[in-house]
Amino acid sequence: MRRRMLLTPWLGLVVAVLLLVQRVRGGGIVLVPSGSVNLVSGRNVTGFLSCDPPPTNDVVIDMALTSRGGESERNFPVITPNRVRIRAGTTSASFTVEGRGEGRFYVQYQVTLNLDYHVKHAESVIMVLSANDGWEGIQFQIGLNLAVFGAGLVFFVWRRLFPRLRLPIWHSHPAGLFERINFDQLPPGKFQSKYGMALRHGSSLSDRARRFVSLPCDGKDVIEIAGLDAALSMRLHADLGHLFLFLTVFSVGVLIPIHYMSGKDSDDPYLDVSFQETTIGNVPLQSHWYWGHVAMTYLTVLCVLRLLKRQDDVGQRVNVDSTRAVGHRSVLISSGLPKDMNSFQLRQSLAKICCPADIKATVVIHDLQSLYRILDQRVKLRNEYNRLLTTYARANSGTLPGCVRWCPGGVCCPSVPEVISSYVSCLPCRSLCCSVPSQVQYSPEHSGARDIASILENALLRDRLRAASIQKELESFPSHVLDLYAKRQSTGAAFVVFSTVKAKLDFDERVRLAQKRQLPEIVFPWDVMSHRDLTKLEEQPVDTSILKSLVLRAAPEPDDVNWPNLTYKPQSVKRLCMFVFYQLMTVVIIIVFSTPTAVLIYMKLDNQSAVYAMFTQDVTSIVAKFATSYLPSLLLIAVNWCLLTSLFYVTTFEPWLSESERMKSFLKKGFSYLLLSSIVLPSIGVTAVYLASEQGSSFHHGSEAAYIEKFMFQLGRNFFIAYVCQRAFLGSILQLLRVGERFVYQPWLRARAVTKAERRDADRPWPYYFGYDYAVVLSTFMVTLLGVVLSPLLTPFGVSCRRRDQDAHRRRVGGVLLHEVFHDEVQLAVRPPEERRPRPRCAIGVHDYLCLPRPV
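Residue numbers for the sequence shown, in mature numbering (1 follows the signal peptide of the UniProt record, and there is no 0): -26 to -1, 1 to 830.
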């Protein structure tokens, strides 16, 4: 009995141990791939499933494929074998995934045999991309653009090292490397005294290179030689380069390990490929790697804010450094002065109010538009007369350019009536066959009446009559011009230049004080932030009645003023109608050009499009890679360039007071268009196509998530990488080589230039418009930051705004914010106006602020 009692505890202990061993040996975890894997369409990848601990009986795992983006089942990747069996005594089994159609697909894992085991992860993601959207596509884009940039840079250096060598089209100015071209055709002595000291002209190439490297891009020398706009633009480019270099270091150190190493767990030896927990366009909230994206995003925000602050500081500093700039210490009286007041009287009146030493200069603007209209008309007649006589003189001697011989007309373009009359009279053939090299040549300074009659002997009757009419008009003295000048009247506007900025601010406060006494509750409230003692100004017994009707505004630089737009009534009905007309024209142009842009991006983003189907069959062909990865973004750049050019010429007709204001208007319109055409309108267009398709016919709550899933997958491809690469490399080298000017503009003008003045103007470079450059740079800047800033920045707000079921979070690879914010956008688009609710402002405020253009 006692022995039986001693055996009972031992038997219980043995049974417990056996049960524990049975539990350990009979149950376990099936290690499955987690996160996502990128797969090229038409190729395959091998994955592994393993058991821990090794099973004693076979374990069968079923894998089910789903798509939350509405992909067709025929595009699903093929998994073989779909039912993976891990045999008893083994630790792992492999399976193969072959990509067919492009898209994002989800794989759910479930143990169907030997239920003592359970899967470690419920699902993983398979990203099937085209060959151009993988690492090979990125390498192809960067390599091709670098090759184009390198070839263009070598060509640029070669043209500067051998400046005397002239190509048939690409004519060269006689200037060496790191030398300024004498565009103004100044005498050598004057050119050397003006630019030689700063740029070291005439020295060796190494000395000029060292000077070029050491020359600050916004220093005094650059400001004096190239101007403030050039200094600000170059500083912006340099600061953007430093910003992206700084962000690149952190991106390589933070995001690349997250994207391509996070799936490699040390306790998961079964992985043969790198399944990531995060991708660029997909940040799961449950992943501990998510906060790396958040940290990188807020670092980007701080860097952008610092960039904006620096541009503001640079703008203030360069105005102080410039010796030619007077706008920062000047005011423009746009209206309010008596029409009979001249500059001397204005100076005397202001000297009674301000210190006379503070007033540097006063210039009253007179209305001389009719006078200048007459003078401009005489200049046009003189140029037309010189071109007409020179054309016939060179035609008689056989030296007329072929473009003008066969297509006669003006210097810009041929004239249809002149072409018809010229061919009817056989002038081109007569000029080609019956020319006399010793014929009289025309010179505006030396040719007399006999020479002119000899030149026009065989001219058309219409041209002889036109030449006689112009000659009679030019020989008559316009005496009424003197009467117009004597009876000139002031427009009520004037420029006042002060000696210091402090004197200008004091004058502004005196004007505010005078108008405050007159209209205290309407015009200018008391400036509580002013650091000056305005009570002393009130006690001064001076007559300030002239100040009460003045309308002040910031004065542009003298070279920046569009003088014809300085009218006495700047807010007239005519000017308002013109402004509204040009704004409507701008909207029409944006709509016209945005439509092909949206269609272009939709064709590229839609993986079912048949446009590129003929090229996607052979993924190894260089032609296919070029057509499918390089041309679409290049076409988008071309469309954007056409619209920016159209917008630029529209702004030339707008009644802006200064050139800088016109460029700011162009910058805002251009940047708004690039934002709309590159991001907003494509998403709206894809939304409309989605709703019009079969997928949109059953639109219900939750199907917008499928649309977002599909659209965000498309944005994660290499289209915008190609766009930025071409903007950075191709755009830079085209700008450096001045391809549009040297290859199209100047050759065309040279081919149609007849007189000496026209040939001189054809060799001059066209003006560099910084508003266009700012619009392009900011659009590239916005697209570059979009992928880093958009989704990780918004998701923390989405987390704080709404909480969803945690199990649903674990089964979703996309973030909450991407669902919530885009859900609100789609609902706002499809609901009636009375049912729409405002979207959360906290989720988009910072990003909208980053995307706004900031004038320097």
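Cβ atoms here follow ideal geometry from the backbone N, Cα and C, with glycine treated the same way.
Ranking M315, K313, L610 and L650 by CA distance to the CA of A696 puts L610 first. Note on geometry: alpha-carbon atoms of L487 and K326 lie some 16 Å from one another. L448 and N539 have their alpha carbons spaced roughly 28 Å apart. For E447, the secondary structure class from DSSP, reduced to helix, strand or coil, is helix.
Runs of the alpha helix (DSSP H) lying entirely within the region 293 to 353, each at least 4 residues long, are 317 to 327 in chain order.
Non-local C-beta neighbours of Y366 in its own chain, meaning closer than 7 Å and more than five positions away in sequence, comprise I429, L430 and A433, ordered along the chain. Within its own chain, the residues whose Cβ lies closer than 6 Å to the Cβ of G383, once the five positions on either side in sequence are excluded, are S389 and E392, listed in chain order.
G77 is the residue among L276, V624 and G77 whose C-alpha sits nearest the C-alpha of S104. In the structure shown, D480 falls within a helical segment according to DSSP collapsed to helix, strand and coil.
Per the C-alpha coordinates, the member of L23, I53, T274 and G266 positioned closest to L219 is T274.
The three-state secondary structure of E531, taken from DSSP, is coil. In its chain, beyond the 5 residues on either side, P739 have a beta carbon closer than 8 Å to the beta carbon of R712.
DSSP places V187 inside the alpha helix (DSSP H), whose first and last residues are L179 to S188. Straight through space, the alpha carbons of P721 and P137 are spaced by roughly 17 Å. With a 10 Å radius around the Cβ and a threshold of 16 neighbouring Cβ atoms, Y91 comes out buried.
Distance from the CA atom of L151 to the CA atom of R133, rounded to whole angstroms, is 9 Å. Counting only residues of its own chain and dropping the five nearest sequence neighbours on each side, K168 has a CB closer than 8 Å to the CB of L160.
Linking F640 to L439 through their CA atoms gives a straight-line distance of about 44 Å.
Between the alpha carbons of V33 and L276 lies a gap of roughly 52 Å. In the DSSP assignment, A731 falls within the unbroken alpha helix (DSSP H) covering K730 to D737. When rounded, the separation of the alpha-carbon atoms in L141 and P402 is 27 Å. When rounded, the separation of the alpha-carbon atoms in I307 and V470 is 8 Å.
Cβ contact annotation for V6 (same chain, cutoff 8 Å, sequence separation greater than five): L23, I35, Y83, V93, K94, H95 and S98, in chain order. When only Cα atoms are considered, I199 and N293 end up about 15 Å apart. Note that the C-beta distance between C699 and N12 is not below 8 Å. Take the alpha-carbon of Q413 and the one of S371: they are about 5 Å apart. Note that the C-beta distance between G644 and L608 is not below 8 Å. About 6 Å separates the beta carbon of A468 from that of L320, a gap short enough to meet the 8 Å contact definition. W630 is classed as buried because its beta carbon has at least 16 other beta carbons within 10 Å across all chains shown.
Here DSSP, grouped into helix, strand and coil, assigns C403 to helix.
The beta carbon of V228 lies closer than 6 Å to those of G266 and M270 in the same chain, with the five residues before and after it left out.
In terms of Cβ geometry, D192 and V300 do not form a close pair [threshold 8 Å]. Per DSSP, reduced to three states, the secondary structure at D26 is strand.
When the five nearest sequence neighbours on each side are left out, the beta carbons in the same chain lying within less than 7 Å of the beta carbon of G310 are those of G466, S523, L524 and V525, in order along the chain. Contact annotation: V71 and I53 have beta-carbon atoms nearer than 8 Å.
For the 8 Å CB-CB criterion, R726 and V385 form a contact.
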